[in-house]
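A.B. asks: Letter by letter, the sequence shown follows residues 337 to 765 of this note's numbering.
I have a structure here, written as structure tokens, and I will follow up with some questions on it.
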Amino acid sequence: MKRQPMKLTALISGTPDAEIDPPHGIIGCSWCGLVQRLPAITGRGVIHCRRCDAPLERTAGRSIDAALACSITMMVLLIPAIVMPLMQVSILGAINQSTVGSGVAGIWQQGWPIMALVVGAELIAVPLIRFGLLTIVLMVLRLGWRPHWLGSAFRITERLDEWATLDVFLVGCVIGYSRVEPFLPVHIGPGGWCVLAAAFMTMITRATLERRAIWRMIGPDASENSAHAIACGACDHIAPASAEGEHCPRCNTHLWRQRPNATMRALAFTLAGFIFYPIAYLFPMEIDVEAGKAHAHSIVSGIFQLLQAGLWPLALVIFTASVGIPLFKLFGISWIILSSYQHSTSRLRLKGKLYRAIVAAGRWSHIDVYTVAVFLPLMRLPGLLSVDVADGMPAFLGVVVLTMMAARVLDPRHIWIAAHEAPKYAHDR
337 MKRQPMKLTA LISGTPDAEI DPPHGIIGCS WCGLVQRLPA ITGRGVIHCR RCDAPLERTA
397 GRSIDAALAC SITMMVLLIP AIVMPLMQVS ILGAINQSTV GSGVAGIWQQ GWPIMALVVG
457 AELIAVPLIR FGLLTIVLMV LRLGWRPHWL GSAFRITERL DEWATLDVFL VGCVIGYSRV
517 EPFLPVHIGP GGWCVLAAAF MTMITRATLE RRAIWRMIGP DASENSAHAI ACGACDHIAP
577 ASAEGEHCPR CNTHLWRQRP NATMRALAFT LAGFIFYPIA YLFPMEIDVE AGKAHAHSIV
637 SGIFQLLQAG LWPLALVIFT ASVGIPLFKL FGISWIILSS YQHSTSRLRL KGKLYRAIVA
697 AGRWSHIDVY TVAVFLPLMR LPGLLSVDVA DGMPAFLGVV VLTMMAARVL DPRHIWIAAH
757 EAPKYAHDR
């Protein structure tokens with residue numbers, strides 16, 4: 337077999353391909369479960385799984401020092417971004433300010449406590465925990481320490497990453513600003529600039545942090561090379577088949593060839609998302625009250641308002657994030673679940689790529705919710721002007737959260753395992 341750089345040696349079905357020297361550890365792909373050998377990293381680029389084509393490791397632009405610096409900067413920016421004014425307007429002599437906390441408090445006061453708790457967790461609690469833990473983990477690694485809790489802490493930071501949505505919140509701030517600015521002079525406060533910087537640092541942190549390199553520093557890759565070995569779904573650690581159901585020695589999560597009842601739980605979340613979806617679009621998201629006259633606004637009407645104002649790029653963003661992505665997630669997850677139940681052997685790589693796209697895109701559907709959270713405290717003058725959350729908003733947030741949870745509880749390894757169980761399985765290359 338011809339040797340090619342940046343390819344991997346498979347160790348499945350008891351028939352390994354020709355090995356590539358020098359090996360750099362036996363790992364398991366968390367996306368498809370394939371046990372394979374990672375070659376020595378000598379060039380720049382991305383190492384992909386040979387079966388599902390998922391990126392296993394990036395070999396350029398990654399640095400623990402840069403990631404640590406970004407994470408510390410994030411912690412410095414988070415507090416002012418959360419507590420200081422994002423925007424300020426003057427209405428008939430009254431000064432209204434919008435902060436992250438005032439938006440959450442406004443949603444709570446209008447009788448939507450669960451929605452307020454979800455938004456507050458995603459914008460306040462989760463970013464603080466995520467970047468606080470990440471800073472500790474990277475600092476401990478930089479000092480050369482290896483405490484027993486390090487793997488669990490890093491696993492938690494990875495799980496919280498998609499729920500720390502300050503970068504999405506920034507887009508909501510921009511749209512909220514665009515709605516107010518044509519009618520009232522808007523002053524961007526220090527909190528707004530801190531949100532801008534924090535969103536930028538969030539993206540830089542993701543770009544500089546290489547999870548495979550961090551896991552190698554926390555604990556070495558296993559040397560287990562059995563065709564029946566189990567790949568940890570969280571940290572890619574390899575364990576013998578006899579360890580199924582036990583705790584991973586590196587990240588402390590449970591080791592499963594595929595998570596029990598994962599497909600059934602994903603189906604339950606997906607069906608619940610389908611139930612909430614029509615409510616989110618048939619009912620208004622917000623009600624604007626001006627001088628006693630109420631004007632209801634839905635997602636669709638908001639898109640048309642942006643188009644009429646000539647803000648077609650923002651209208652396209654809202655349409656994609658609030659209409660396209662939720663439908664894409666609901667039908668995409670449904671197809672993957674149905675294919676798994678049918679033990680389908682077709683388009684396995686496509687399903688794997690679809691699943692990864694669903695996971696990556698899910699968080700961006702929060703834009704409409706965050707726009708209202710920013711807009712609500714600004715447009716408030718007792719007896720004359722107010723913005724109220726309507727029934728469609730909690731339903732829409734329900735669709736977003738349920739589809740994100742469906743994608744996360746679904747075990748993508750089941751796509752390949754179910755195909756293996758089919759009578760005439762053929763590798764999808």
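Virtual Cβ for every residue (Gly too), placed ideally from N, Cα, C.
1. Relative to the C-alpha of Val710, which candidate in Arg373, Gln424, Arg398, Val382 has its C-alpha closest?
2. Which residues bound the alpha helix (DSSP H) around Ser488?
3. Return helix, strand or coil for Ser658, following the three-state DSSP convention.
4. Give me the Cα-Cα distance between Arg482 and Ala402, rounded to the nearest whole angstrom.
5. First and last residue of the alpha helix (DSSP H) that includes Gln433?
6. Let me know the secondary structure DSSP gives Ala567 once reduced to three states.
7. Rounded to whole angstroms, what is the Cα-Cα separation between Leu477 and Ile511?
8. Comparing C-alpha positions only, which one of Ser658, Gln644, Trp648 sits nearest to Ser634?
9. Taking the beta carbon of Phe612 as the centre, do at least 16 other beta carbons fall within 10 Å, making it buried, or is it exposed?
10. Throw me the rounded Cβ distance for the Cys568 and Ala575 pair, which I believe falls under 8 Å.
11. In the structure shown, what three-state DSSP assignment does Arg765 receive?
12. Quick check on the DSSP output: the beta strand (DSSP E) that includes Met423 runs from which residue to which?
13. Please go through the same chain and pick out, in chain order, the residues whose beta-carbon is closer than 8 Å to the beta-carbon of Pro521, but skip the five residues on each side of it.
14. Alpha carbon to alpha carbon, what distance is there between Phe519 and His702?
15. In the DSSP assignment, find the unbroken beta strand (DSSP E) run with Ile623 in it and report its ends.
16. Which ranges would you report for the beta strand (DSSP E) in the segment 592-646 if only whole runs of at least 3 residues count?
17. With which residues is Asp724 paired in a DSSP beta bridge?
18. Below 8 Å on the Cβ atoms is my contact criterion, and I expect Ile623 with Ala632 to pass it. Report the Cβ-Cβ distance as a whole number of Å.
19. What three-state label does DSSP hand Arg394 in the structure shown?
20. Leu738 to Pro416, Cα distance in whole Å?
21. Compare the C-beta of Glu517 against all C-beta atoms of chain C and say whether one is closer than 8 Å.
22. Exposed or buried, Trp448, counting other C-beta atoms within 10 Å across all chains shown (16 or more means buried)?
23. Ala535 by DSSP, collapsed to three states: which one?
24. If we count the other Cβ atoms within 10 Å of its Cβ and call it buried at 16 or more, is Asn597 buried or exposed?
25. Quick check on Ile751: buried or exposed, where buried means 16 or more other Cβ atoms within 10 Å of its Cβ?
26. Where does Phe667 land, buried or exposed, given buried means 16+ other C-beta within 10 angstroms?
27. Spatial neighbours of Asp747 within its chain, please: C-beta separation below 6 Å, excluding the five flanking residues on both sides.
28. Less than 8 Å between the CB atoms is what I'm expecting for Leu647 and Ser434, so what's the real figure, rounded?
29. Under three-state DSSP, which class holds His523?
30. Please return the same chain residues whose Cβ sits closer than 6 Å to the Cβ of Pro421, not counting the five positions on each side in sequence.
31. Give the secondary structure of Leu404 by DSSP, where H, G and I count as helix, E and B as strand, and everything else as coil.
32. Secondary structure at Leu690, three-state DSSP: helix, strand or coil?
33. What three-state label does DSSP hand Leu413 in the structure shown?
34. Taking 8 Å as the threshold (C-beta atoms), are His573 and His583 in contact?
35. Any idea which residues DSSP pairs Leu767 with across the strands?
36. Please confirm whether Ala755 and Ser680 have their CB atoms less than 8 Å apart.
C.D. replies: Walking through what the data contain:
1. Gln424
2. 486-496
3. helix
4. 20 Å
5. Run containing Gln433: none in the alpha helix (DSSP H); it sits in the beta strand (DSSP E), 430-434.
6. strand
7. 40 Å
8. Ser658
9. buried
10. 7 Å
11. Residue placement at Arg765 is flagged as unreliable, the pLDDT there being 37, under the threshold of 50; the coordinate-derived value follows with that caveat. Here Arg765 sits in coil by DSSP.
12. 423-427
13. Val425, Ser426
14. 25 Å
15. 622-626
16. 622-626, 629-633
17. Ile623
18. 5 Å
19. strand
20. 30 Å
21. Of the chains in the structure shown, none is chain C; there is only one protein chain.
22. buried
23. helix
24. exposed
25. buried
26. exposed
27. Gln594, Arg595, Ala598
28. That pair is no contact at about 20 Å.
29. strand
30. Gln433, Thr435, Gly525, Gly527
31. helix
32. helix
33. helix
34. no
35. Shown here, the chain extends from 337 to 765; a query on residue 767 therefore has no answer.
36. yes
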